[in-house]
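S.K.:
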Amino acid sequence: MPENHGWKSKETAQRYKHVADAVVPGRREVLSLIAGLAIHSASGTPHILDLGCGHGDLAAQVLELSPDANITLVDFSDEMLRMTSERFVLSSNIRVIKHNLNLGIPPEVESTKYDAVTSSFVLHHVDYDKRVGLYRQINRILKDDGLFINGDRFKEESPDADAWVFEDWVRWMLPHVKEHFDHEVSFDALRQRQLDSEEKLGDMQGTLWDMERDLRQAGFSYVDCLYKNMIVAVIAAQKAGGDSK
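Its first residue numbered 1441, the sequence shown is counted upward by one per residue in this note's numbering.
1. Can you give the Cα-Cα distance for F1627 and T1485, rounded to whole angstroms?
2. Smallest Cα separation from Q1678: which of R1656, F1594, P1546?
3. T1524 by DSSP, collapsed to three states: which one?
4. Considering Cα atoms alone, identify which of S1517, M1523, V1572 is closest to E1652.
5. Taking 7 Å as the threshold (beta carbon to beta carbon), is S1517 in contact with chain C?
6. Go ahead and pull the three-state DSSP assignment for H1487.
7. DSSP state of S1598, grouped into three classes?
8. When DSSP builds the beta bridges, which residues end up paired with A1556?
9. Does DSSP classify K1679 as helix, strand or coil?
10. Straight-line CA distance for M1644 to N1540?
11. Within a Cβ cutoff of 7 Å, which residues of the same chain sit near N1669, ignoring the five residues on either side of it in sequence?
12. In angstroms, rounded to a whole number, what distance separates the CA positions of L1513 and K1618?
13. Less than 8 Å between the CB atoms is what I'm expecting for A1589 and A1478, so what's the real figure, rounded?
14. Using DSSP with H/G/I as helix, E/B as strand and the rest coil, what is A1509?
15. Given a threshold of 16 other Cβ atoms within 10 Å of its Cβ, counted over all protein chains shown, does H1487 qualify as buried or as exposed?
16. Report the option in A1673, G1681, R1468 whose CA atom is closest to the CA atom of S1661.
17. Kindly give me the distance between the Cβ atoms of Y1554 and K1583, rounded to whole angstroms, as I take these residues to be in contact under 8 Å.
18. Using the three-state DSSP reduction, which class does D1692 fall into: helix, strand or coil?
19. Determine the contact status of D1569 and N1542, defining contact as a CB-CB distance below 7 Å.
20. Measuring CB to CB, does V1674 end up less than 7 Å from G1591?
21. Just verifying my parser: in three-state terms, what is the DSSP assignment at D1622?
22. Express the C-alpha separation of R1593 and R1468 in angstroms, rounding to a whole number.
23. Is N1669 helix, strand or coil when you go by DSSP?
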């Protein structure tokens, strides 16, 4: 996520706020799953670190389930952080930090232990060679038996399957784009628009198997895929505690 990354712009952040549910299959279901599992992982008041918080939709889901949860929100976009700070201005249990995940976890959280670390639709912007190091740091700040839960975009291992899933996603978007924006767009135009957007934003999707390998290399004992819908999946990795070894 270099300084010129597309998500740094005000226009991109504002646009995503309005189109997210129209372009991400099962987005609300993914956020609900991550929030519920994060709360489930805590034995008392949940302490959660959310990496790439965007405008705070995941945090809002967590607070619906556990209003007293302590949540630290991290993002690199000034506009995303502005919207999030305004959204939770009255919530004393919310902390907001600006940080580039290519540099690892924020120094401000290195001495804290969390029940869960979450991320949604952000890690495919982290450089490939920085991911294992980031996952190692996440593992260190989790409590024993704590969970790292990531909902994100993934590509398929087979190039043919990946091309088919991508085009199936574009077909899925067509009626949703019409519903949200009240105008027709052709398959070819929407497909090209998405390809251009991915290039502009620097998307770097890996496969589910890439992430499993990286998480195990980073020290996580258990890795599971809990959800898969076209390009979207949720992976949960657990740090083994004394009772799990």
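Note that CB positions come from ideal geometry on N, CA and C, so glycine has one too. Just so we're clear, the structure is a prediction, and the values are computed from it rather than from any experiment.
M.R.: For this structure:
1. 47 Å
2. R1656
3. helix
4. V1572
5. Of the chains in the structure shown, none is chain C; there is only one protein chain.
6. The three-state secondary structure of H1487, taken from DSSP, is strand.
7. coil
8. Within the DSSP secondary-structure output, A1556 pairs in a beta bridge with I1488, L1587.
9. coil
10. 16 Å
11. P1465, G1466
12. 33 Å
13. Correcting the residue identity first, residue 1589 is Ile in this sequence and not Ala. That belief holds up - the Cβ atoms of I1589 and A1478 are roughly 6 Å apart, short of 8 Å.
14. coil
15. Under this definition H1487 is a buried residue.
16. G1681
17. 7 Å
18. Absent from the model: residue 1692. The displayed extent of the chain is 1441 to 1685, so no value can be given.
19. no
20. yes
21. coil
22. 14 Å
23. Here N1669 sits in strand by DSSP.
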